[in-house]
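Chemist: Heads up: the sequence shown runs through residues 11 to 204, numbered per this note's numbering.
Backbone N, C-alpha and C fix where the C-beta goes; we use that ideal spot for every residue, glycine too.
Note that the coordinates shown come from a computational prediction; the quantities given were computed from them, not determined experimentally.
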Amino acid sequence: MDNAAGPLADASDKELLARHVAGDPDAFGELFRRHRDRMWAVALRTVGDRELAADAVQEAFISAFRRADRFRGDSAVTTWLHRITVNASIDRLRREKPTTPLPEIDPADRHDRHDSAETALDVRAALATLPEAQRGALVLVDMEGLPVAEAAAILGVAEGTIKSRCSRGRAALAPLLTPHDPTRGSAGREPEGR
Numbered sequence: 011m012d013n014a015a016g017p018l019a020d021a022s023d024k025e026l027l028a029r030h031v032a033g034d035p036d037a038f039g040e041l042f043r044r045h046r047d048r049m050w051a052v053a054l055r056t057v058g059d060r061e062l063a064a065d066a067v068q069e070a071f072i073s074a075f076r077r078a079d080r081f082r083g084d085s086a087v088t089t090w091l092h093r094i095t096v097n098a099s100i101d102r103l104r105r106e107k108p109t110t111p112l113p114e115i116d117p118a119d120r121h122d123r124h125d126s127a128e129t130a131l132d133v134r135a136a137l138a139t140l141p142e143a144q145r146g147a148l149v150l151v152d153m154e155g156l157p158v159a160e161a162a163a164i165l166g167v168a169e170g171t172i173k174s175r176c177s178r179g180r181a182a183l184a185p186l187l188t189p190h191d192p193t194r195g196s197a198g199r200e201p202e203g204r
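(1) Taking the alpha carbon of T188 as the reference point, which residue from T89, V52, D132, V67 has its own alpha carbon closest?
(2) Mind checking which residues open and close the alpha helix (DSSP H) that includes L91?
(3) To the nearest angstrom, how far is it from the Cα of N97 to the Cα of A70?
(4) If I follow the unbroken alpha helix (DSSP H) through T188, where does it start and stop?
(5) Is the CB-CB distance between L62 and A136 below 8 angstroms?
(6) Under a Cβ-count criterion, where at least 16 other Cβ atoms within 10 Å of its own Cβ denotes burial, should D84 be classed as buried or exposed?
(7) Starting from the C-beta of W50, find all residues in its chain whose C-beta is less than 6 angstroms away, skip the five residues before and the five after it, and write them out in chain order.
(8) Could you give the residue range of the alpha helix (DSSP H) that holds R55?
(9) Quick one: what does DSSP say F71 is sitting in, helix, strand or coil?
(10) Please report how far the alpha carbon of A197 lies from the alpha carbon of S99, in whole angstroms.
(11) With a CB to CB cut of under 6 angstroms and the five nearest residues on each side skipped, what residues in its chain are close to L26?
(12) Taking 8 angstroms as the threshold (C-beta atoms), are H45 and G91 in contact?
(13) Where are the beta strand (DSSP E) runs, 3 residues long or more, that stay fully inside the stretch 126–181, in chain order?
(14) Rounding to the nearest angstrom, what Cα-Cα distance links I172 and R55 in this structure?
(15) Look at the Cβ atom of E160, then the Cβ atom of V52, and state whether they are nearer than 8 angstroms.
(16) Does DSSP put A63 in a helix, in a strand, or in coil?
(17) Determine the contact status of V57 and R105, defining contact as a CB-CB distance below 8 angstroms.
(18) Consult DSSP for A21 and reduce its assignment to one of helix, strand or coil.
(19) Using a Cβ-Cβ cut-off of 8 angstroms, state whether A184 counts as contacting chain C.
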């Protein structure tokens, strides 16, 4: 057996993909180990449901495994994997009925996490109202922290399109995520006459 910790751990992503295509049975496993957590995060933020995200990541890696010979090398392997994961996530959303996931709160520390879990639910619910294109751009840029150029490459659109989708998405999310204060007038302004 090949020492997986040695040659595979030191290989670049492109080298691992090339080795996989050439028949190395362990190369794709190393790619999976390197990138599964990040792809999980992308899928979860895109679909907003743990089970759907798990299915999307599984489908994405199966697709990448089967189609590795089609990787042209025009971009980083991570960019290619992001694109496959986003596509698999969007496909999952199209096949499922919309649902609102319940927060996962540990009863032992539910008071400490209640606000953050509630905020996470609010964000997920608000994201679910956006068109897929805006949601995808916002997940990659604002939640994953990718540069606009990389998000554009992943989604296969121009950088200006990513900026526009993010701007429109943020504008649509703002009223949904702004706390409502009944003592203030519309848009959070003081009512006239005070």
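Modeler: Considering the structure as presented:
(1) Against the sequence shown, residue 188 aligns to sequence position 178. The closest CA to that of T188, considering only T89, V52, D132, V67, is found on D132.
(2) Locating residue 91 in the sequence shown gives position 81, counting from the first residue. First-last of the alpha helix (DSSP H) with L91: 87–105.
(3) By 1-based counting over the sequence shown, the position of residue 97 is 87. By 1-based counting over the sequence shown, the position of residue 70 is 60. Approximately 8 angstroms between the Cα atoms of the pair.
(4) By one-based count along the sequence shown, residue 188 stands at place 178. First-last for T188: undefined, no H or E at that position.
(5) Indexing the sequence shown from 1 puts residue 62 at position 52. Indexing the sequence shown from 1 puts residue 136 at position 126. Contact: no.
(6) Here residue 84 refers to the residue found at position 74 when the sequence shown is read from its first residue. D84 is exposed by the Cβ-count criterion.
(7) For the purposes of this step, residue 50 is taken as the residue at position 40 of the sequence shown. Excluding sequence neighbours, W50 sits near V67.
(8) Within the sequence shown, numbered from 1, the residue matching residue 55 stands at position 45. DSSP places R55 in the uninterrupted alpha helix (DSSP H) bounded by 37–57.
(9) Indexing the sequence shown from 1 puts residue 71 at position 61. In the structure shown, the three-state DSSP call for F71 is helix.
(10) In the sequence shown, residue 197 corresponds to position 187, counting from 1. In the sequence shown, residue 99 corresponds to position 89, counting from 1. At A197, the pLDDT of 47 sits below 50, so the modelled position is not reliable; the number obtained from the coordinates is stated separately. Annotation: A197 to S99 spans about 34 angstroms, alpha carbon to alpha carbon.
(11) Within the sequence shown, numbered from 1, the residue matching residue 26 stands at position 16. Hits under 6 angstroms: A37, E40, L41.
(12) Residue 91 sits at position 81 when you count from the first residue of the sequence shown. Residue 45 sits at position 35 when you count from the first residue of the sequence shown. Reading off the sequence shown, one finds Leu at residue 91, where the question assumed Gly. Cβ atoms of L91 and H45: closer than 8 angstroms.
(13) You should have found no qualifying run.
(14) Sequence index remark: in the sequence shown, residue 172 carries index 162 (1-based). Sequence index remark: in the sequence shown, residue 55 carries index 45 (1-based). Whole-angstrom Cα-Cα distance: 17 angstroms.
(15) In the sequence shown, the residue the question calls residue 160 occupies position 150. In the sequence shown, the residue the question calls residue 52 occupies position 42. Against a cut-off of 8 angstroms, the Cβ pair of V52 and E160 comes out as no contact.
(16) Along the sequence shown, read from residue 1 onward, the residue named residue 63 stands at position 53. Assigned with DSSP and collapsed to three states, A63 falls in helix.
(17) Mapped onto the sequence shown, residue 57 falls at position 47. Mapped onto the sequence shown, residue 105 falls at position 95. R105 is positioned such that its CB atom lies no closer than 8 angstroms to that of V57.
(18) Position 11 of the sequence shown, counting from 1, holds the residue named residue 21. Of the three classes helix, strand and coil, the one that applies to A21 here is coil, per DSSP.
(19) In summary, chain C is missing from the structure at hand, where a single protein chain is found.
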